[in-house]
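Asks: Each protein sequence line maps, in turn, to chains A and B. Those letters in the first sequence? Residues 18 to 434, per the working numbering, in order. Those letters in the second sequence? Residues 4 to 316, per the working numbering, in order.
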Amino acid sequence: MKLTTLIHREYITRARTKGFLVFTFIVPLVMAGFLFMEFKIIDAGKKVHTSIAVMDLSHQLYPALTQVLDSKQFTLRPVETGGGNIAAAESRLRQEVLDHNEDGYLVIPADVVTSRQAEYHARNTAALSVNAGLQSHLRQAVNQVRMQAAGISASQIAAMNGDFDLRQVKINAQGDSSDNGSTAMTAIALVAVLYVALLIWGVTVMRAVTEEKTTRISEVLLASVDPFTLMLGKILGIVTVAFTQFGVWALTLALASAYALTMAHAAGTPIGQYIPSVGPWLMVVFVVFFLLGFLLYASIYAAIGSMVSSDQEAQQTQLPLTMILVAAVYLAFLVMASPTTPLSVALSMIPFFAPVCMVMRVAVSNPPLWQVLVSAVLCFGTFLLFTKITAKIYRVGILMTGKRPNLPELLRWIKFA
Amino acid sequence: MTDAIALEQITKSYGNVHAVQGLSLNVPTGSVYGFLGPNGSGKTTTIRMMVNILAPDSGSIRIQGQPGGDGIKDLIGYLPEERGLYAKMKVRELLEFFAALKGVPAAMTKTRATGWLERLELGSWGEKKVNEMSKGMQQKIQFIVAVIADPPILILDEFSSGLDPVNANLLKDVLLELRAQGKTILFSTHRMEEAERICDHVCLINRGQKVLDGRLADLRAAAGKSTLRVDCAGDRALLRQAPGVQQVDDFGNYAELRLAPGVQSGAAAAQILRFLAPKLEITRFELLEPTLNQIFLDTVGAAAAPAAVGAGN
């Protein structure tokens with residue numbers, strides 16, 4: 018069958034290029050590598066033990082500090098001033114730090130409770146987790162001392178210092194579900210993926226069409242197949258290549274996330290709550306609209322590719338389409354803010370915006386099934402329509418190498434073919 | 004027998020430019036048909052309509068009796084004037100792709116590709132990429148693309164341009180083999196001596212209109228033997244004084260004398276020979292049929308004059 022022959026050629030010639038292989042396999046490996054390394058570094062940072070000598074001139078903060086301090090990260094040792102000569106004590110401590118007996122020393126002034134100041138001297142003052150840890154622990158210790166002074170009991174203080182958990186519950190017609198607040202993040206991530214993929218692969222389709230036109234292969238092709246089959250084959254071929262790449266990436270991402278979760282769980286860090294959750298329905302809608310959006314934009318990019326005669330010209334001509342795509346992403350944020358207004362519903366039905374807007378709606382609210390279906394059918398129909406129009410433009414356009422057609426000329430081309 | 008290709012009153016315009024005007028022609032099945040005309044005469048436009056890349060503004064096209072359209076694509080192998088191959092594909096894959104696209108079953112594409120590569124002396128190039136080949140080799144690949152699906156009709160637009168004489172000869176042999184198999188071959192060219200060697204039919208168009216068509220032998224016979232070839236030594240200026248001579252083309256090694264129109268060629272030749280024989284040392288004296296080139300120049304020249312006047316209005 019001619020269509021499968023076209024798809025097959027498109028697939029093997031593209032999937033075999035070095036660029037594709039590198040992009041498909043090396044990129045996720047590098048990403049996974051970074052993820053892994055970052056995790057290791059954070060982990061390693063946590064495990065580093067910092068021993069600190071503490072010179073508590075206030076004589077009241079040290080006990081509170083040892084109470085709140087994370088003993089896994091810090092070891093504290095109290096230091097006496099030794100007869101009140103602070104300068105001598107400090108120079109002794111300084112030498113100890115230089116001799117690697119201590120990592121640093123902390124000087125807590127006598128008026129710490131009111132001044133809320135202290136000084137940390139160390140060989141390495143750029144260890145952010147140490148600095149941040151010390152700072153928050155000191156604040157806590159000071160607060161504790163002040164509360165005790167105000168006559169609040171230790172148990173009351175403990176109760177006040179407890180964490181606060183805000184649970185978000187998404188209201189669904191099918192039943193309410195607990196949400197960890199990552200819905201918005203999920204939606205934004207999905208829209209970003211769509212946008213980047215459409216842009217990159219749309220341009221790929223456009224260039225492929227222009228290339229065939231300028232190298233005159235199109236004439237041989239058109240003598241063998243009708244232009245509609247030709248366009249369909251080209252678009253479907255590139256879509257198949259693109260989705261192979263996405264598949265590899267999705268799989269890598271899934272594996273990497275699973276690994277990160279396991280590692281985090283083992284390390285006792287509950288990062289699970291920060292990883293966006295994607296429900297099965299959202300996943301289905303995303304994949305379907307990803308595909309539909311891909312087909313639709315590919316067919317329009319193909320139309321542009323078939324009316325121009327060089328890559329440079331194509332760059333200029335595609336600008337309006339890029340703007341539509343950018344507009345779609347902006348509108349998706351509008352939809353995110355108010356997913357149920359008539360405007361949002363309308364936007365999720367307009368084929369050019371539907372891929373991003375409908376995914377956004379499903380991510381943040383629960384549009385009725387019929388709306389999702391209608392939107393999908395409209396998208397698919399528009400894709401077929403544009404492929405037909407593209408085929409007509411292509412047929413006339415391949416033999417024209419002069420100047421780019423203006424709109425009335427273009428309409429004549431479409432009518433003519 | 005149905006004609007392989009039949010055009011009837013085909014017209015095609017681009018804006019104000021009338022590329023083809025009311026062109027009718029019939030390409031008999033099994034013929035080698037030369038489609039001739041000067042540059043810009045509408046050859047390529049006509050061919051593109053035959054293979055359904057362009058649609059005519061009016062008129063009808065029938066391929067083996069079927070109306071033109073996407074349905075006839077598998078009947079025709081096409082070599083366009085401007086070459087088009089995927090530069091980065093391997094030669095064999097490219098050929099298999101185009102074969103499959105023309106409906107050759109998957110099981111047969113490989114043997115076909117191998118067979119043709121060997122036939123055109125490119126047997127070791129199958130695994131190379133197209134852009135590693137020379138222009139002439141790519142031209143041969145383009146030729147294979149046209150013939151690989153074994154279609155009954157071949158349409159070749161300027162098929163020998165860019166080929167050296169050895170390869171041009173190789174392709175000519177292949178074409179004659181294909182004709183022996185009963186294929187219909189239509190090719191366009193402006194190289195008359197090429198058409199003269201292998202065509203049995205020719206059609207001459209100019210400014211989108213047919214000026215002449217028919218069997219090559221008939222056309223030459225109709226034009227009559229009106230040229231004398233004379234090889235001689237001596238005062239060649241005398242050639243111009245010979246009676247009944249309209250024009251002399253002196254090529255140095257030999258001269259061609261055009262007889263005045265309307266004269267009986269045998270008698271005129273005898274008279275010229277009697278005039279020249281005593282004065283020059285003649286080594287060869289031959290009465291020739293006109294070459295296709297002459298017919299071409301005569302016809303186009305005659306047709307061009309009134310058309311030029313018409314364009315001036």
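For each residue, glycine too, the CB sits at the ideal point set by N, CA and C. Source: prediction; values computed, not measured.
#1: Would you please state the rounded distance, in angstroms, between the beta carbons of L203 of chain B and R218 of chain B? I believe it to be under 8 Å.
#2: Check R94 of chain A in the structure and name its three-state DSSP category.
#3: Nearest to H21 of chain B by CA position, among B:L279, B:E11 and B:G211, is which residue?
#4: Any idea what DSSP makes of K22 of chain B, helix, strand or coil?
#5: Given that a residue counts as buried once 16 or more other Cβ atoms are within 10 Å of its Cβ, and exposed if not, what is T30 of chain A?
#6: Indicate the three-state DSSP secondary structure (helix, strand or coil) for D116 of chain A in the structure shown.
#7: Using 8 Å as the threshold, is the C-beta distance between G121 of chain A and Y137 of chain A below it?
#8: If you run the structure through DSSP and keep just helix, strand and coil, what is D6 of chain B?
#9: Please classify N29 of chain B: does DSSP put it in a helix, a strand, or coil?
#10: Closest Cβ-Cβ distance between P264 of chain B and chain A: below 8 Å?
#11: Whose C-beta lies closer than 6 Å to the C-beta of F400 of chain A among residues of the same chain, with five residues either side of it excluded?
#12: On the DSSP bridge list, what partners appear for E284 of chain B?
#13: State the Cα-Cα distance for the pair V35 of chain B and Q335 of chain A, rounded to the nearest angstrom.
#14: In the structure shown, what three-state DSSP assignment does Y411 of chain A receive?
#15: Cβ closer than 8 Å: which chain B residues qualify as neighbours of D5 of chain A?
#16: What number of angstroms, rounded off, separates the C-alpha of Q329 of chain A from the C-alpha of P337 of chain A?
#17: Helix, strand or coil for E259 of chain B? Go by DSSP, reduced to three states.
#18: Where does S170 of chain A land, buried or exposed, given buried means 16+ other C-beta within 10 angstroms?
#19: Do G40 of chain B and V205 of chain B have their C-beta atoms closer together than 8 Å?
#20: Specify the secondary structure class of H193 of chain B as computed by DSSP and reduced to three states.
#21: What are the start and end residues of the alpha helix (DSSP H) that includes A245 of chain B?
#22: Below 8 Å on the Cβ atoms is my contact criterion, and I expect F245 of chain A with A408 of chain A to pass it. Report the Cβ-Cβ distance as a whole number of Å.
#23: Look up G80 of chain B in the DSSP assignment and give the residues it is bridged to.
#24: Taking buried to mean at least 16 other C-beta atoms within 10 Å of its own C-beta, is Y347 of chain A buried or exposed?
#25: Would a check of beta-carbon distances place A225 of chain A closer than 8 Å to chain B?
#26: In the DSSP assignment, the alpha helix (DSSP H) including R122 of chain B goes from what residue to what residue?
#27: Under 8 Å between the Cβ atoms of V129 of chain A and V96 of chain A?
#28: Which first and last residues belong to the alpha helix (DSSP H) in which H66 of chain A is found?
#29: Since K105 of chain B meets chain A, which of its residues come closer than 7 Å, beta carbon to beta carbon?
#30: Does the contact criterion of 3 or more C-beta pairs under 8 Å hold for the region 157 to 177 of chain B versus the region 13 to 29 of chain B?
#31: Taking the straight line between their C-alpha atoms, what separation do you get for N197 of chain A and H282 of chain A?
Replies: Reading off the structure:
#1: Residue 203 of chain B sits at position 200 when you count from the first residue of the second sequence. Residue 218 of chain B sits at position 215 when you count from the first residue of the second sequence. Checking the displayed sequence, the identity of residue 203 of chain B turns out to be Asp instead of Leu. Indeed they touch by this definition, with Cβ atoms about 6 Å apart.
#2: By one-based count along the first sequence, residue 94 of chain A stands at place 77. Note: R94 of chain A maps to strand in three-state DSSP.
#3: Mapped onto the second sequence, residue 21 of chain B falls at position 18. The shortest Cα separation from H21 of chain B among B:L279, B:E11 and B:G211 belongs to B:G211.
#4: Counting from one through the second sequence, the residue named residue 22 of chain B turns up at place 19. The sequence given here has Ala at residue 22 of chain B, not Lys. Note: A22 of chain B maps to strand in three-state DSSP.
#5: To locate residue 30 of chain A, count along the first sequence from 1; it is residue 13. Classification for T30 of chain A: buried.
#6: Here residue 116 of chain A refers to the residue found at position 99 when the first sequence is read from its first residue. Coil at D116 of chain A, not helix or strand.
#7: Mapped onto the first sequence, residue 121 of chain A falls at position 104. Mapped onto the first sequence, residue 137 of chain A falls at position 120. Taking 8 Å as the Cβ cut-off, G121 of chain A and Y137 of chain A qualify as a contacting pair.
#8: Position 3 of the second sequence, counted from the start, is the residue given in the question as residue 6 of chain B. Correct three-state label for D6 of chain B: coil.
#9: Looking up residue 29 of chain B in the second sequence gives position 26. In this structure, N29 of chain B counts as strand in the three-state DSSP scheme.
#10: Translated into the one-based positions of the second sequence, residue 264 of chain B becomes position 261. For P264 of chain B, the answer is no, since every Cβ of chain A falls outside 8 Å of its Cβ.
#11: On the first sequence, residue 400 of chain A is found 383 positions in, with the first residue counted as 1. L312, L313 and S316, listed in sequence order.
#12: Taking the second sequence and counting its residues from 1, one reaches residue 284 of chain B at position 281. Looking at the DSSP assignment, E284 of chain B forms a beta bridge with B:A236.
#13: By one-based count along the second sequence, residue 35 of chain B stands at place 32. By one-based count along the first sequence, residue 335 of chain A stands at place 318. Answer to the nearest angstrom: the Cα atoms are 47 Å apart.
#14: On the first sequence, position 394 is the one that residue 411 of chain A refers to. In the structure shown, Y411 of chain A sits in a helix (DSSP, three-state: H, G or I).
#15: Nothing can be reported for residue 5 of chain A, as the shown portion of chain A is limited to 18 through 434.
#16: One-based indexing of the first sequence puts residue 329 of chain A at position 312. One-based indexing of the first sequence puts residue 337 of chain A at position 320. Spanning the two alpha carbons is a distance of roughly 15 Å.
#17: Here the question's residue 259 of chain B lines up with position 256 in the second sequence. Correct three-state label for E259 of chain B: strand.
#18: The residue given as residue 170 of chain A occupies position 153 in the first sequence. S170 of chain A should be labelled exposed.
#19: On the second sequence, position 37 is the one that residue 40 of chain B refers to. On the second sequence, position 202 is the one that residue 205 of chain B refers to. In this structure, V205 of chain B does not lie closer than 8 Å to G40 of chain B by Cβ.
#20: Position 190 of the second sequence holds residue 193 of chain B. Residue state, collapsed to three classes: coil.
#21: The residue given as residue 245 of chain B occupies position 242 in the second sequence. Careful: A245 of chain B lies outside any alpha helix (DSSP H) and carries neither H nor E.
#22: Reading the first sequence from its first residue, position 228 is the one you call residue 245 of chain A. Reading the first sequence from its first residue, position 391 is the one you call residue 408 of chain A. So it is a contact: roughly 4 Å between Cβ atoms.
#23: As a working note, residue 80 of chain B is residue 77 in the second sequence. DSSP output for G80 of chain B lists B:L157 as bridge partner(s).
#24: Numbered from its first residue, the first sequence carries residue 347 of chain A at position 330. Its Cβ having fewer than 16 others within 10 Å, Y347 of chain A is exposed.
#25: Within the first sequence, residue 225 of chain A is the residue found at index 208, counting from 1. It does not; no Cβ of chain B falls within 8 Å.
#26: Reading the second sequence from its first residue, position 119 is the one you call residue 122 of chain B. Note, R122 of chain B: alpha helix (DSSP H), A109 to R122.
#27: Numbered from its first residue, the first sequence carries residue 129 of chain A at position 112. Numbered from its first residue, the first sequence carries residue 96 of chain A at position 79. No, the Cβ-Cβ distance between V129 of chain A and V96 of chain A is not below 8 Å.
#28: Along the first sequence, read from residue 1 onward, the residue named residue 66 of chain A stands at position 49. Taken as a continuous stretch (DSSP letters only), H66 of chain A belongs to no alpha helix (DSSP H), as it is neither H nor E.
#29: Here residue 105 of chain B corresponds to residue number 102 of the second sequence, with the count starting at 1. The answer, in chain order, is S241.
#30: no
#31: Taking the first sequence and counting its residues from 1, one reaches residue 197 of chain A at position 180. Taking the first sequence and counting its residues from 1, one reaches residue 282 of chain A at position 265. The pLDDT assigned to N197 of chain A is 46, lower than 50, so where the model puts this residue is not dependable; a value taken from the coordinates is nonetheless given after this. N197 of chain A and H282 of chain A: Cα-Cα distance of roughly 17 Å.
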